[in-house]
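Notes follow the structure.
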Amino acid sequence: METAHTAVQSATASFQGSCSWTSIAIAPMLNGFSKLIDENRRDEVWIAAVADAFEKTGAWALSDFRITLAVAADDPDTLRRLLLGGTLSVKQVASVWELLTATPGFDAEKILKKYAHVLGALDGMPALARVTANKYNAEQILKTVEAELAALKPGDKNAPYLQKQIDYLTQVVSGEVQLYLYDHAASRIVEMLGTPGPDTIRAITYVPGTFTSLNSFYNGSVQEIAKFLTGKDGLSGSVAFVYKDGLFPGENGQTGNANMLRITEANDLEFGRLAGEQLARFQAGMRADPYLSGVKQMGAGHSWGLANLTSSEVAGARYNTVISLAGAWMLPDWEPTATTGYLDVSYEDILTRAQREGYVGEGRYPRRDPAFTSLVYPGYGEFDPSLGELMDNHNLIATAKDDNQDVLDTLKEALER
0 METAHTAVQS ATASFQGSCS WTSIAIAPML NGFSKLIDEN RRDEVWIAAV
50 ADAFEKTGAW ALSDFRITLA VAADDPDTLR RLLLGGTLSV KQVASVWELL
100 TATPGFDAEK ILKKYAHVLG ALDGMPALAR VTANKYNAEQ ILKTVEAELA
150 ALKPGDKNAP YLQKQIDYLT QVVSGEVQLY LYDHAASRIV EMLGTPGPDT
200 IRAITYVPGT FTSLNSFYNG SVQEIAKFLT GKDGLSGSVA FVYKDGLFPG
250 ENGQTGNANM LRITEANDLE FGRLAGEQLA RFQAGMRADP YLSGVKQMGA
300 GHSWGLANLT SSEVAGARYN TVISLAGAWM LPDWEPTATT GYLDVSYEDI
350 LTRAQREGYV GEGRYPRRDP AFTSLVYPGY GEFDPSLGEL MDNHNLIATA
400 KDDNQDVLDT LKEALER
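Quick note: the sequence shown uses numbering that gives the first Met the number 0, first residue 0, plus one each step.
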């Protein structure tokens, strides 16, 4: 531009020198041309300064995702494809969904229904959006299971299990049960109790123990603690997640019954480590919800569930409070977090006997670890129970029975802090 400006100035001067009798009004154009060059020079300096700033900030440079998001902010179709592409991080999913729901005319219900199987399991989606997606997901699965049951011969041993699944999914479709995650084939299920909102104070992740299966959810046996904590006698402002993501130790994934050939997984450190990594991913996804990101995070684990919970700490998850309900063990590299409170509550039971004999977690268990405040209550048989009472005590602590009221009161008090 400067070269052209100089050439025009030279040609003008030459023309006027040769043809002095001819008048030309070119001065305003040359003046504007000069100002345009000055403006471009200022832009050049400004762009260089911005580029230099980005180079110096390094990690703070604009990512491809942020640039894409800015370009597609007013394009719902592009955002939808981005959301369903399977390449986004938890935070990116949350950002895209926030933009989509803020788009005028966007029908959230429609997309949740159409892509229920994807969005119902997509970490970063808000909890209530996932519940809505899994409600639609349950409608489709219910039709399949009903057809499967109808095709069985009379007296087939699988019929009761299928009927329980149908009864449970019927409650999901009606809204009586809220599913944050459901994948029957992979034995993945997370049930949510309570409603995230501006009044939410705490999020409780409850992890049940050995032998937990999908059937344990269908028959309601693993939700008792969470129901108590979120019910009328529990803690107001609480949302609870009853968590099972993948096969648990001793679970028969086909029938929902116990598989004793897999019981050794309850004491398998590597199995626990992998489970902890999965739970940490769940935590990151759950906390992406705006209503759950800034609240107190509580974790409670029954039996092997405590191993899963503390293994998630090794994988990076953090809790304000961790509660062991007759908890099993911790990984060798587990260390208590300075900002976390640890409580162990138990009866004299079959697990505590095995722990004292050194059969569980290589001697690393809550009652023995100084990080945990341990409280031992008299259960069935007081402190000298029979074998049957030892088994009953281990199960009792994970229930809302009247016989377990002292433990429930302690649990409630610990989570109120």
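Note that the Cβ used here is the ideal one computed from N, Cα and C, for glycine as well.
Euclidean distance between Cα positions of residue i and residue j
i    : j    : result
G208 : A265 : 9 angstroms
S215 : N307 : 17 angstroms
T337 : E145 : According to the sequence provided, residue 337 is Ala. The question's Thr does not apply to it. One C-alpha to the other measures close to 51 angstroms.
L410 : T229 : 12 angstroms
V221 : R201 : 20 angstroms
A101 : K156 : 50 angstroms
S22  : R41  : 34 angstroms
L210 : L246 : Reading the sequence as shown, one finds Phe at residue 210 and not Leu. Going from the Cα of F210 to the Cα of L246 covers about 9 angstroms.
F371 : S311 : 17 angstroms
P417 : V238 : The structure shown does not extend to residue 417, since the chain is modelled only from 0 to 416, so the question has no answer here.
E38  : F14  : 28 angstroms
G271 : P153 : 40 angstroms
A359 : F281 : For clarity, residue 359 is Val in the given sequence; the question names Ala instead. About 26 angstroms.
V89  : E269 : 25 angstroms
D405 : E415 : 16 angstroms
D408 : K113 : 44 angstroms
S212 : A50  : 55 angstroms
A158 : E412 : 43 angstroms
Q162 : L148 : 7 angstroms
G357 : P384 : 20 angstroms
P248 : G219 : 19 angstroms
L121 : T194 : 19 angstroms
L350 : G378 : 14 angstroms
L273 : N394 : 25 angstroms
T2   : A12  : 16 angstroms
G380 : L386 : 10 angstroms
G362 : L389 : 20 angstroms
G119 : V130 : 7 angstroms
Supposed close pair residue i, residue j - CB separation, criterion 8 angstroms
i    : j    : result
L342 : I322 : 5 angstroms
R187 : Y181 : 7 angstroms
I396 : L324 : 5 angstroms
V189 : D244 : 7 angstroms
T199 : G236 : 6 angstroms
Y318 : T339 : 6 angstroms
Y160 : G233 : About 31 angstroms; that fails the 8 angstroms criterion.
A279 : G315 : 5 angstroms
A115 : A132 : 4 angstroms
Cβ-based neighbour list, residue i, same chain, cut-off 8 angstroms, excluding 5 preceding and 5 following
i    : result
W96  : L82, G123, M124, P125 and A128
V418 : Nothing can be reported for residue 418: it is not among the residues displayed for the chain, which extend from 0 to 416.
Counted within 10 angstroms of its Cβ, other Cβ atoms place residue i as buried (16 or more) or exposed
i    : result
L35  : exposed
E43  : exposed
I224 : buried
K400 : exposed
N403 : buried
S302 : buried
N392 : buried
S345 : buried
A26  : exposed
R80  : exposed
G196 : exposed
P103 : exposed
D368 : buried
V375 : exposed
A10  : exposed
F382 : exposed
E347 : buried
M297 : buried
E108 : exposed
T5   : exposed
According to DSSP, residues forming a beta bridge with residue i
i    : result
H301 : L324
E250 : A257
S373 : D343
S19  : Paired residues: none, contrary to the question.
I203 : A239 and M297
L192 : A239
Q164 : Note: Q164 sits in no beta bridge, so no partner.
D122 : M124
E381 : G378
Beta-carbon proximity list for residue i, same chain, < 7 angstroms, skipping 5 on both sides
i    : result
V172 : K134, A137, E138 and L141
L78  : A71, V95, L98 and L99
K226 : L192 and A399
P335 : Y341 and A370
V117 : L83
G304 : V206, P207 and G208
S373 : D343, P365 and R366
Cβ-heavy atom distance, residue i to the ligand SAM, below 7 angstroms
i    : result
L268 : Within the structure as shown, the ligand SAM is missing, as the structure has no ligands at all.
Close beta carbons around residue i, own chain, < 6 angstroms, minus the five adjacent residues each side
i    : result
W333 : T309 and V313
R286 : S292
A257 : F210 and G249
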